[in-house]
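As numbered in our numbering, residues 7 to 348 make up the sequence shown, in order. The C-beta atom is built at its ideal place from N, Cα and C for all residues, glycine as well. Quick caveat, the model's predicted, so the values are computed rather than measured. Data first, discussion second: the structure below is written as structure tokens.
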Amino acid sequence: MPTILAIESSCDETSAALITHGKVLNNIIASQADHVKYGGVVPELASRAHQRNIVVVVDEAMRKAGIKNEDLDAVAVTMGPGLMGSLLVGVSFAKGLAVSLNIPLLEVNHMHAHVLSHFIFDDHLKENALPEFPFLCLTVSGGHTQLVVVRDFLDMEIIGETQDDAAGEAFDKAAKIMGLPYPGGPLVDRYAQEGDASRFKFPDTEMPGLDFSFSGIKTAFLYFIRDGKEKDSHFVEHNLNDICASIQHKIVDMLLSRLEKACRQTGIKNVAIAGGVSANSGLRKELKKRGEKLRWQMHIPDFQYCTDNAAMIAMVAHIKYRNGDFAAPDCAPVANLRFETR
Ligand code: KG4
Ligand code: ZN
7 MPTILAIESS CDETSAALIT HGKVLNNIIA SQADHVKYGG VVPELASRAH
57 QRNIVVVVDE AMRKAGIKNE DLDAVAVTMG PGLMGSLLVG VSFAKGLAVS
107 LNIPLLEVNH MHAHVLSHFI FDDHLKENAL PEFPFLCLTV SGGHTQLVVV
157 RDFLDMEIIG ETQDDAAGEA FDKAAKIMGL PYPGGPLVDR YAQEGDASRF
207 KFPDTEMPGL DFSFSGIKTA FLYFIRDGKE KDSHFVEHNL NDICASIQHK
257 IVDMLLSRLE KACRQTGIKN VAIAGGVSAN SGLRKELKKR GEKLRWQMHI
307 PDFQYCTDNA AMIAMVAHIK YRNGDFAAPD CAPVANLRFE TR
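Written out as structure tokens, the structure reads:
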């Protein structure tokens, strides 16, 4: 079984992981603090930070696992979707290393990896935790919101997705409107835990089929805060917990109502969530509540595998290596790479 070094650099996390015999040995992540003062990821700063971090992160992963360059059978890297400058840093590094060691390169789609994060086998794996095929995966990240039918490791189909903002963006933009620092999602989650979710109401945006739209709720939220501040200049500070709980409740409801609809339409009762927003405690709690009522088999990833990480890249790489699915020497990153495999 192969030993593979996996690299993730699609957005603002530089990460490296090692996998051997299908088991993830470690998952080193350097998060970039450079963007906080700008209120969002600045692409040029992200690629420079990846350049600073990548050697350090890879070195730490190799050292901690006790693995030397000559032990590696392949190098895997995120090829997209993501920020072009960020992807280029990871891909150039991975290509260079693979060529110099004369070993194959494996290209991984970031969204594919979020879905397969459920199969990461590490020291903490709970034996009965693996989803059975087919399952429905709601992938909710900072750039994507997708409903995916997962028939096998390499056989997936997107049956619904956002037509504008992603769920993570909805959280981050709501936080920004309230004056909270980037990334706001985890902060909204934290304040929401102390708040009353029924206090403020926000509109849903109906979309045809199983698609999502979050731009309407963002605009409604902007006006809601503006109107609140007209009456009380400290409106946000005075009501922070209730505002966070109410907006989180609405975003979670928008996500889970589509997931329920997808389950009804496909007849699938095996359900998973993945991506950064799957770390949200409100989403995790509400999924468990609804899922128990509807008798779903539910799969919720460990916190460390929700947000961007190289362990999930390693998982896809392991499966692609088994299939001999190696990258061509002239492969290049694609910012809006899609991952449907059928
Ligand atoms: O998957 P991810 O790490 O990166 C992308 O591929 O985009 O997702 C990042 C997103 C950000 O929008 C962040 O605010 C959101 O996930 N996020 C959360 C939470 N933790 C991360 N949103 C709500 N609640 C959380 N606890
Ligand atoms: Zn991601």
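Under the 8 angstroms Cβ criterion, the segment 155-163 does not count as touching the segment 209-221, having fewer than three qualifying pairs. In this structure, phenylalanine 220 has its beta carbon at no less than 7 angstroms from each heavy atom of ligand 1.
CA-CA distance, isoleucine 306 to arginine 196, rounds to 19 angstroms.
Beta-bridge analysis with DSSP links valine 277 to Leu142 and Met304.
Per DSSP, lysine 294 has no beta bridge partner at all. For the 8 angstroms CB-CB criterion, leucine 153 and alanine 268 form a contact. Taking the Cα of glycine 222 as reference, the smallest distance to any Cα among Pro192, Val156, Ala278 and Met260 is reached at Met260. Of all C-beta pairs linking the segment 276-283 to the segment 137-154, three or more are shorter than 8 angstroms, placing the two stretches in contact. Counting only runs of 4 or more residues that sit fully inside the segment 33-102, the alpha helix (DSSP H) segments are 49-71, in chain order.
Rounded to whole angstroms, the gap between the alpha carbons of glycine 185 and lysine 43 is 12 angstroms. The beta carbon of leucine 216 is closer than 7 angstroms to those of Leu153, Ile165, Gly166, Arg264, Lys267 and Ala268 in its chain, skipping five residues each way along the sequence. At least one heavy atom of ligand 2 sits closer than 7 angstroms to the Cβ of serine 147. Going by DSSP, leucine 112 is part of the beta strand (DSSP E) stretching over 111-115.
Distance check between aspartate 79 and each of Val48, Leu107, Tyr229 and Leu136 places Leu107 closest, using alpha-carbon atoms only.
Ranked by how close their Cα comes to the Cα of threonine 20, the residues Val64, Pro8 and Ile10 have Val64 in first place.
Within the segment 161-193, complete alpha helix (DSSP H) segments of at least 4 residues are found at 173-183, given in chain order. Taking 7 angstroms as the cut-off, one finds no heavy atom of ligand 1 near enough to the beta carbon of glutamate 14. Proximity of the segment 21-34 to the segment 65-72 meets the contact definition, three or more beta-carbon pairs being nearer than 8 angstroms.
In this chain, glutamate 266 is not harboured by any beta strand (DSSP E); it is covered by the alpha helix (DSSP H) spanning 241-272. Phenylalanine 206 places its beta carbon less than 8 angstroms from that of isoleucine 249. The Cβ atoms of glycine 148 and glycine 174 sit closer than 8 angstroms to each other. Here DSSP, grouped into helix, strand and coil, assigns valine 340 to coil.
Cβ atoms of alanine 100 and valine 81 come within 8 angstroms of each other, at about 5 angstroms. Across the set Ile34, Ala341 and Asn315, the C-alpha of Ala341 shows the shortest separation from the C-alpha of leucine 94. Taking 8 angstroms as the upper bound for CB-CB distance, isoleucine 253 and alanine 180 are in contact here, some 5 angstroms apart. Here aspartate 77 is exposed. Its C-beta has fewer than 16 other C-beta atoms within 10 Å. When the five nearest sequence neighbours on each side are left out, the beta carbons in the same chain lying within less than 7 angstroms of the beta carbon of phenylalanine 227 are those of Ala180, Ile183, Phe208 and Ile253, in order along the chain. In this structure valine 283 touches phenylalanine 177 by the C-beta definition: roughly 7 angstroms separates them, less than 8 angstroms. Glu200 is the residue among Glu200, Leu136 and Asn59 whose C-alpha sits nearest the C-alpha of histidine 255. Taking C-beta separations shorter than 7 angstroms and ignoring five residues to either side along the sequence, the partners of alanine 251 in its chain run Ala198, Gly201, Asp202 and Ala203, following chain order. Within the same chain, Thr20, Asn59 and Val63 come within 6 angstroms of alanine 36 by CB-CB distance, once the 5 residues on both sides are set aside. A straight-line Cα-Cα distance of about 59 angstroms links tyrosine 327 and glutamate 236. For phenylalanine 127, the secondary structure class from DSSP, reduced to helix, strand or coil, is coil.
Taking a C-beta distance under 8 angstroms as the contact criterion, alanine 320 and isoleucine 10 qualify as a contact pair.
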